[in-house]
Amino acid sequence: MSPSSAIALYPGSFDPITLGHLDIIERGSRLFDRVIVAVSCNPNKQPLFSTERRVEQIRRCIEKLPNVEVDSFWDLTVEYAQSRNAGVLLRGLRVLSDFEGELQMAHTNKILNGAIETVFLATSNEYSFLSSSVVKEVARFGGPLDRLVPTHVAREVYQCYAKNSPGATPNPTSSDNPPPRPHPAPET
2 MSPSSAIALY
12 PGSFDPITLG
22 HLDIIERGSR
32 LFDRVIVAVS
42 CNPNKQPLFS
52 TERRVEQIRR
62 CIEKLPNVEV
72 DSFWDLTVEY
82 AQSRNAGVLL
92 RGLRVLSDFE
102 GELQMAHTNK
112 ILNGAIETVF
122 LATSNEYSFL
132 SSSVVKEVAR
142 FGGPLDRLVP
152 THVAREVYQC
162 YAKNSPGATP
172 NPTSSDNPPP
182 RPHPAPET
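Under our numbering, the first residue of the sequence shown is numbered 2, with each subsequent residue one higher.
Below, the structure is given as structure tokens:
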């Protein structure tokens with residue numbers, strides 16, 4: 002059976018899922034009959050959350066999107082896409098530098114499976130700076146996550162950093178975050 006162009010696979014680590022990821026998922030759900038959010042299991046990475054936890058976080062985010070589902074996979078992305086009958090790999094682009102790596106991967110995937118296309122969506126402007134790495138860095142220093150990730154994910158991110166670094170236990174609502182640290186006065 003050849004893959005269906007009506008089914009898109011949106012692969013990623015989603016560690017954690019961000020509002021930028023959700024933007025791509027929601028917009029993709031309007032373009033395709035079905036979107037499968039595929040959480041990759043990479044044994045070479047040390048994720049903040051287990052694969053199962055990331056799947057559950059995403060499941061909560063997509064409950065109101067009837068044509069979107071979430072799953073996890075260990076295979077090559079194109080092999081997993083083929084197994085799910087997805088004819089399209091959906092990818093988000095934040096900045097120009099993303100394009101080079103994504104284009105290389107799209108060419109590689111095309112060589113591995115010529116029946117699967119890659120579709121790029123430009124991230125909405127308000128999320129062009131956002132990545133899972135940025136979220137972790139902000140959380141590590143106790144910054145607010147309310148405009149970066151869904152609320153339930155923010156709570157879990159803060160809990161991870163509270164376990165890993167004593168004293169970094171801010172609440173996920175901005176008003177409960179610690180006040181900014183004063184900067185030392187410049188020397189004259």
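Just so you know, even glycine gets a beta-carbon here, dropped at the ideal spot from N, CA and C.
| Query | Result |
| --- | --- |
| Sequence-distant residues of the same chain with beta carbon closer than 6 angstroms to I63, five excluded per side | V69 |
| Proximal residues to D72 (C-beta, below 8 angstroms), its chain only, five neighbours per side dropped | I37, V38, A39, V40, V56, R85 |
| Alpha-carbon spacing of D16 relative to S3, whole angstroms | 31 angstroms |
| The segment 42-49 contacting the segment 109-129, beta-carbon criterion three pairs below 8 angstroms | no |
| Nearest-angstrom Cβ-Cβ length linking V79 and I117, presumed shorter than 8 angstroms | 5 angstroms |
| L91 versus E27 - alpha carbon distance | 12 angstroms |
| Counterpart residues of V89 in DSSP-defined beta bridges | A9, E118 |
| Cβ-Cβ separation, L10 to A87 (assumed contact under 8 angstroms), whole Å | 4 angstroms |
| DSSP beta-bridge partners of V38 | Y11, V71 |
| Candidates F130, G102, A82, E138: closest to L113 by CA position | A82 |
| Secondary structure of L32, DSSP reduced to three states | helix |
| Rounded straight-line distance, which links the Cα of R141 to that of P185 | Unreliable positioning characterises P185 in this predicted model, as indicated by a pLDDT of 46, which lies under 50. A coordinate reading is not provided. |
| Between the CA atoms of E157 and T19 - distance to the nearest angstrom | 13 angstroms |
| Under 8 angstroms between C-beta atoms of H22 and G29 | no |
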